[in-house]
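Asker:
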Amino acid sequence: MNSLKKAAIITSLIDSMRLKGSWCGETHLQKATYFLQELLNVPLGFNFILYKHVPFSFDLRDELTALRANKMISIEPQALPYGPRINSTMISEKIQNNFPKTIKKYQKRIQFIADTLDAKGVLDLEKLATALYVTLQMGRKSSIEERIDEFRDLKPYFSSSEASSTFDVVDHMIEDSRKIVK
Amino acid sequence: MAKAFHEIRDSIHVFIRLSSDERKVLDSPPFQRLRHIHQLALTYLVYPGATHKRFDHSLGVIELAGRAYDVVTENINSEVKEMLPDISDPLKRVYWRSALRMAGLCHDLGHLPFSHAAEKELLPAGWSHEKLTADIIRSEMMQPIWDEMKLKPDDIVKLALGPKEATDLKFSRWETILSEIIVGDAFGVDRMDYLLRDSHHIGVPYGRFDHYRLIDTLRILPQAPPDKTGSPKELFLGVDAGGIHSAEALMLARYFMFSQVYFHPVRRIYDIHLKDFLKETLTEGMFPTDISQLLLITDNEETAKLFAAFRNPLEKGHLTARRIICRKHFRKLWERNPRDFEINPLAGDYIFKAAQARFGPDEFRYDLHIPEIGAPDFPVRLSDGQIVSSLSISKTLADLPVPVVDYVFCNPDILAEAKSWLKDNHDQIIQPKGEEEGDE
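From first to last, the protein sequence lines stand for chains A and B.
Using this note's numbering, you'd call the opening residue of the first sequence number 47 and step up by one each time.
Using this note's numbering, you'd call the opening residue of the second sequence number -10 and step up by one each time.
1) Could you please tell me which residues of the stretch 142 to 154 of chain B, in chain order, have their CB closer than 8 Å to any CB of chain A?
2) For A:His89, return the contacting residues in chain B, with the cut-off set at a CB-CB distance below 8 Å.
3) Let me make sure I understand the geometry here. Which of A:Pro127, A:Met63 and A:Glu84 has the alpha-carbon closest to that of A:Leu182?
4) Output, in chain order, the set of chain A residues within a Cβ distance shorter than 8 Å of B:Glu464.
5) Does any residue of chain A have a CB that is nearer than 8 Å to the CB of B:Asp366?
6) When we look at the beta-carbon of A:Asn116 and count the other beta-carbons within 10 Å, is it buried (16 or more) or exposed?
7) Quick one: give me the first and last residue of the beta strand (DSSP E) that A:Asn87 is part of.
8) With a threshold of 7 Å on Cβ separation, who are the neighbours of A:Leu106 within its own chain once the five nearest residues in sequence on each side are excluded?
9) Put B:Tyr22 into one of helix, strand or coil per three-state DSSP.
10) Which value, in whole angstroms, describes the spacing of the CA atoms of B:Glu(-4) and B:Val3?
11) Check whether the stretch 372 to 391 of chain B touches the stretch 403 to 414 of chain B, counting contact only when three or more Cβ pairs, one atom from each stretch, lie closer than 8 Å.
12) Just checking: is the beta-carbon of B:Leu239 within a distance shorter than 8 Å of some beta-carbon in chain A?
13) Distance, Cα to Cα, B:Val33 vs B:Arg256?
14) What first and last residue would you give for the beta strand (DSSP E) that runs through B:His(-5)?
15) Between the stretch 332 to 365 of chain B and chain A, which residues of the former have CB atoms less than 8 Å from a CB of the latter, in chain order?
16) Whole angstroms is fine: what's the gap from B:Glu429's alpha carbon to A:Ile159's?
17) Just grab the DSSP bridge partners of B:Cys399 for me.
18) Can you confirm whether A:Ala78, when its beta carbon is compared against all beta carbons of chain B, has any partner nearer than 8 Å?
19) Can you tell me which residues form a DSSP beta bridge with A:Asn133?
20) According to DSSP, simplified to helix, strand and coil, what is B:Ile5?
21) Does chain B have any CB closer than 8 Å to the CB of A:Gln124?
22) Return the residue from the list B:Tyr36, B:Ile332, B:Pro360 and B:Pro350 that minimises the CA-CA distance to A:Ser138.
23) How is the beta strand (DSSP E) around B:Pro79 delimited, first residue to last?
24) Which ranges would you report for the beta strand (DSSP E) in the stretch 220 to 288 of chain B if only whole runs of at least 3 residues count?
25) Apply the 10 Å Cβ neighbour rule to B:Cys315 and answer buried if 16 or more other Cβ atoms are within range, or exposed otherwise.
26) Applying a beta-carbon distance threshold of less than 8 Å, which residues of chain E neighbour B:Ala213?
27) Could you pull out every residue in the same chain whose Cβ sits closer than 7 Å to the Cβ of B:Ser128, ignoring the five residues on either side in sequence?
28) Of the choices B:Leu239, B:Lys321 and B:Glu273, whose alpha-carbon is the least far from that of B:Pro113?
29) Applying a beta-carbon distance threshold of less than 7 Å, which residues of chain A neighbour B:Ser381?
30) Taking DSSP as the reference, what is the three-state secondary structure of B:Arg370?
31) Measuring alpha carbon to alpha carbon, tell me which residue in B:Glu71, B:Gly219 and B:Val50 is nearest B:Ile170.
32) May I ask you to report which of helix, strand or coil DSSP gives B:Val394?
33) Taking CB distances under 8 Å as the criterion, tell me whether A:Lys98 reaches chain B.
34) Is there a Cβ from chain A that is less than 8 Å from the Cβ of B:Asp416?
35) Beta-carbon within less than 7 Å of B:Cys197's beta-carbon, same chain only, minus the 5 sequence neighbours each way: which residues are those?
36) Hey, does A:Arg107 have any beta-carbon neighbour from chain B nearer than 8 Å?
Structural data, given as C-alpha cells:
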C-alpha cells in the first residue's frame, strides 16, 4: 500500500474515532490500528511487537511522524496533566477525497473499530489489545486459563477476572469482525 | 602498578574515564575500526570541520550513559523503586551500570563505512548496522572480554539497540528503561552526544544545549495520564520540572541540526553519489554481512578505491568518483514548498519522474526523507510531585515542526535546460492523478 493510501486510512480512522468520542492520543491510535490491521486484515504493513508489554508498532510511530511532517495530522496539547490528542487536517481530508475507492473498501472496518472501541480509555485499550495479542499468538483453541496466565504474565496488575472478561469481549469482537471481513 | 582508570581527553566531555576492563573493549579491533569511520560520511566536503569519527562519539556515549545511569538510579521514588526491583539490589546495580556503559561504547560497532550514507540500499534485505552491531557484540572475538567482565552479551545488545531493533530478545521493564538511556527518542544519550559533537566539529552553534542540567534532572517516571481514565503502570524517562527548558533546548537543537546541517542539500547529494559509487564498485553492490569481512572495511579502503577510480577512466565508478572529487555533484532542481505541497504532497516524485522521462533516467536523483523522531511527549514531574505530559506545559515542544528532506537533484550539465523545462511545465506536472482502477 502506498504512503498516501495509508495516510488516507489512518486519518479516516482518526476522524471516526474522534466522532465516537475517543481521546485519540498516540496510545489510542496505536491500539486501534493494531485491531484494524490484525483483526480486520487491513494491510497497513505495520510490525507490532510487545513494547512495555503491550502491542506497539515503531513503524506506526514513524508513520505518525511522517504524517505530522506532511501536515496531515496535528498534535493538540491538552490541559495539564493530560497527554495530547491527534487531529486530522484539511490536507488529510483532501487525501481521503483523492482515494475514494480505498476509503470505500475499508470504511466498514474502520467504522467497526471506532464503534467497538468508542471512547475507551488507555487502560481498557491496553487490556483489549493485550488480550487480542495473546489470543492471536496462542490461538483460540488454547484454554481460557492458559490465555489468562499468559495475559497476567504480561500485565500482572490486572486481576484474573479482569483478564477473563476482557477475553470474552475480544472473542466477541473476533466473531463480529468475521461478518465484516469475508 | 597498573592504573585502575584510564583517562582520555575529549573535545566535548573533557575527560572520559574507563576502567581497565572497559579499556580492553576500547583496544579491541572492532572498536579500533571506528577510528576510521567518519561520523558524518562526506559531510566534510561541505563543512570542512566534520572529520570526527564514530570512535570519538562512542566514547562520548559511554560517558553520558554512566552519568545518566547514576542520576536516574539515585533519584528514584518508592513507587518506581517497587516496579524496578533490580535498583534495590547493590550487586545488580553495579552489573547494569557496567552493561549500560558497554552498550554505550559498543552501540555503533556494526556501522558500515561512511556511517549512515545509504545503509539500507547497501545491505541485503533484513540487515542493518544494528543487526551487525549485535553480531559483533555476540562474536567469539568479544566473548573473552565479556567473560572477564562477567557480562552477558545479550544484555549489552538489548541496551545498545533497544526493543525496536533487538526484536529477537525479550525485554524486562528495567531493560526497556535502560535502553532508553542509550537509544531513547527523547533523551537517548546517543543523540545528545552526536548533536553536541557534530555542532562542535562543524562549527555551528545550533546543536548546543545544557546537557549538564538536562542529565541532572533526568528521572524514571510513571507515564503522565494519556487521557482522563487513568495511566497504565508503565515507566518512561522524563525530567523534573527544572529540566524542562533544557529538554526544550535539546529538541530545538535536534530540529535545527536536522534542518540546517543533516538535511543540507549538498550534503544529501554527496550521500547519494557515494551510494551510487559503492553500488557500482562493491561485489554485487552490497557490503558483506559476515562480520569477519565487514570488519576489514573502513572509510579508508573505500576512499582509496574512490581515488583509484577517479584516476583511471577504465575503473568501475570512474564518472561517479569524478563527480565527488571534482565537486561536479548534481544540483538542486526542486525542493518542497508550501504551494506545491498543497496541490500535491507527492509533487517531488511527480517532477522527478517527469524529468526522467524527458531527459533520461540517469540525469536526476530524488531524495525524500523524514527522520524517525516521535512527538516530544514525555513525563515531567512538577514540584508538587504531579506527573504531567511535557506537551501540556510546553508550547515550544507542542509547536516544534518535523524537518523534511524533499529534493529533486539534476545533472549540472543540463541544469539550465531542466530549470527552463520545469518552469514551463510545472503546474501541469504536479497535478494529482486520480485513483487508478484496482489500485485500492
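From the three backbone atoms N, C-alpha and C, an ideal C-beta is built for every residue, glycine too.
Answerer: Reading from the atomic positions:
1) Those residues of the stretch 142 to 154 of chain B that come within reach of chain A (Cβ to Cβ, closer than 8 Å) are Pro152 and Lys153.
2) It is Pro, not His, that sits at residue 89 of chain A in the sequence shown. Going along chain B, no residue has its Cβ under 8 Å from A:Pro89, so there is no contact; the nearest lies around 11 Å.
3) Its Cα nearest to that of A:Leu182, the residue A:Glu84 stands out among A:Pro127, A:Met63 and A:Glu84.
4) Nothing can be reported for residue 464 of chain B: it is not among the residues displayed for chain B, which extend from -10 to 429.
5) With its beta carbon less than 8 Å from one in chain A, B:Asp366 belongs to the interface.
6) That one is buried.
7) No beta strand (DSSP E) contains A:Asn87, which DSSP labels as neither H nor E.
8) The beta carbon of A:Leu106 lies closer than 7 Å to those of Gln76, Thr79 and Phe92 in the same chain, with the five residues before and after it left out.
9) For clarity, residue 22 of chain B is Arg in the given sequence; the question names Tyr instead. It is helical.
10) Roughly 10 Å between the two C-alpha positions.
11) At 8 Å Cβ cutoff, the stretches do not touch.
12) Answer no: the Cβ-Cβ gap between B:Leu239 and chain A never drops below 8 Å.
13) The sequence shown places Tyr at residue 33 of chain B, rather than the Val named in the question. About 9 Å.
14) Membership of B:His(-5) in the beta strand (DSSP E) is indicated by the continuous run Phe(-6) to Asp(-1).
15) Result list: Pro334, Leu335, Ile359, Pro360, Glu361, Ile362, Gly363 and Ala364.
16) Here the model assigns B:Glu429 a pLDDT of 49, short of 50, so the residue's position is not dependable and the matter cannot be decided.
17) Its beta-bridge partners are B:Arg320 and B:Phe353.
18) For A:Ala78, no Cβ of chain B is located within less than 8 Å of the residue's own Cβ.
19) DSSP lists A:Ser120 as partners of A:Asn133.
20) Of the three classes helix, strand and coil, the one that applies to B:Ile5 here is strand, per DSSP.
21) Chain B, which has a Cβ nearer than 8 Å to the Cβ of A:Gln124, makes this yes.
22) Restricting attention to B:Tyr36, B:Ile332, B:Pro360 and B:Pro350, the CA atom closest to the CA of A:Ser138 is found in B:Ile332.
23) It is not in any beta strand (DSSP E) - B:Pro79 instead sits in the alpha helix (DSSP H) that spans Pro79 to Cys95.
24) Fully enclosed beta strand (DSSP E) runs of 3 or longer: 224 to 229.
25) Taking all protein chains shown into account, B:Cys315 has fewer than 16 neighbouring C-beta atoms within 10 Å of its C-beta and is therefore exposed.
26) Here the protein chains are A and B, and chain E is not one of them.
27) The residues are Ile280.
28) Ranking the options by Cα distance to B:Pro113, first place goes to B:Glu273.
29) Ordered by position in chain A, the residues that pass the 7 Å Cβ test against B:Ser381 are Pro123, Gln124, Ala125, Leu126, Pro127 and Tyr128.
30) If DSSP states are grouped into helix, strand and coil, B:Arg370 belongs with the strands.
31) Closest by alpha carbon: B:Val50.
32) DSSP places B:Val394 in strand when its eight states are reduced to three.
33) The beta carbon of A:Lys98 sits closer than 8 Å to some beta carbon of chain B.
34) Using a Cβ-Cβ cut-off of 8 Å, B:Asp416 does not count as an interface residue toward chain A, since no Cβ of chain A sits closer than that to its own.
35) Strictly speaking, residue 197 of chain B in this sequence is Arg, with Cys absent from that position. In chain order, Leu185, Ser188 and Ala242 place their CB closer than 7 Å to the CB of B:Arg197, counting only its own chain and leaving out the 5 sequence neighbours on each side.
36) At least one C-beta of chain B is nearer than 8 Å to the C-beta of A:Arg107.
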